[in-house]
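Each remark here refers to the structure printed beneath this line.
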Amino acid sequence: MASNKVVRFGPVALGTSAANLINPPTLSGGAGLSGTNSNAYVIIRHLRVVNKSANAASASLYIGASGASAAGTEFAFNNTSIPANGNSGNYVDWYGAVRLDVADFLTGLASAATALVIEGEGEVGVA
């Protein structure tokens, strides 16, 4: 029996418009990962958002459609303010276990372009 593969997502800068961050790999793509299976899934175990700018900035993450940030799809951080670089606690962490199937996209945005960087770890499996 095959086991899931442990993977790292990112690091990638968050923009001010919602963008795809993680989507399970498919025969024709995926976001943040590459693969060749049409029935893959991702289990996200940890996400960290770091502020690398001189000013506080906020982050929001969503699970839903490609490039979306619709009300009701909020997943983590929901406009959480992250202190400026050089301050204690200039990052936020999320720990858990959430599964994304091929129709699910983790998207995110920041209050200031390229101020925040997201990185995470999880698993890729094949159903």
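Per our numbering, numbering through the sequence shown is continuous, rising by one, with the last residue being 625. We put the beta carbon where it would ideally sit given N, CA and C, even for glycine.
Is any non-hydrogen atom of the ligand MN found closer than 8 Å to the C-beta of residue i, if you look at the structure I gave you?
| i | result |
| --- | --- |
| residue 519 | The ligand MN is absent from the structure shown, which contains no ligand whatsoever. |
According to the neighbour-count rule (16 or more other Cβ atoms, all chains shown, within 10 Å of its Cβ), is residue i buried or exposed?
| i | result |
| --- | --- |
| residue 620 | buried |
| residue 509 | exposed |
| residue 577 | exposed |
| residue 636 | Absent from the structure is residue 636, since the part of the chain shown begins at 499 and ends at 625. |
| residue 516 | buried |
Quick one: residues in its chain with C-beta nearer than 8 Å to the C-beta of residue i, no 5 flanking neighbours on either side, listed in chain order?
| i | result |
| --- | --- |
| residue 553 | 582, 610, 613 |
| residue 504 | 619, 620, 621 |
Going along the chain, which residues of its own chain have a beta-carbon closer than 7 Å to the beta-carbon of residue i, five neighbours each way excluded?
| i | result |
| --- | --- |
| residue 499 | Note that residue 499 has pLDDT 46, beneath the 50 cutoff, so the model's placement of it is unreliable and the number below is only indicative. Nothing meets the Cβ criterion. |
| residue 571 | 560, 561, 562 |
| residue 550 | 583, 613, 615 |
So, for residue i: in the same chain, excluding its five sequence neighbours on each side, which residues have a beta-carbon less than 6 Å away from its beta-carbon?
| i | result |
| --- | --- |
| residue 603 | 518, 521, 564 |
| residue 623 | 502, 539 |
Whose C-alpha, out of the options, is nearest the C-alpha of residue i?
| i | options | result |
| --- | --- | --- |
| residue 537 | 543, 549, 524 | 524 |
| residue 588 | 507, 548, 514 | 548 |
| residue 512 | 542, 546, 541, 505 | 546 |
| residue 592 | 586, 516, 557 | 557 |
| residue 514 | 575, 598, 606 | 606 |
| residue 598 | 590, 542, 579, 586 | 542 |
| residue 594 | 586, 625, 618 | 618 |
Just checking my contact of residue i with residue j at CB under 8 Å: how many whole Å lie between their CB atoms?
| i | j | result |
| --- | --- | --- |
| residue 574 | residue 608 | Contact flag wrong, Cβ pair sits at about 13 Å. |
Taking contact to mean 3 or more Cβ pairs, one atom from each stretch, closer than 8 Å, check whether the segment 611-618 and the segment 563-579 are in contact. no
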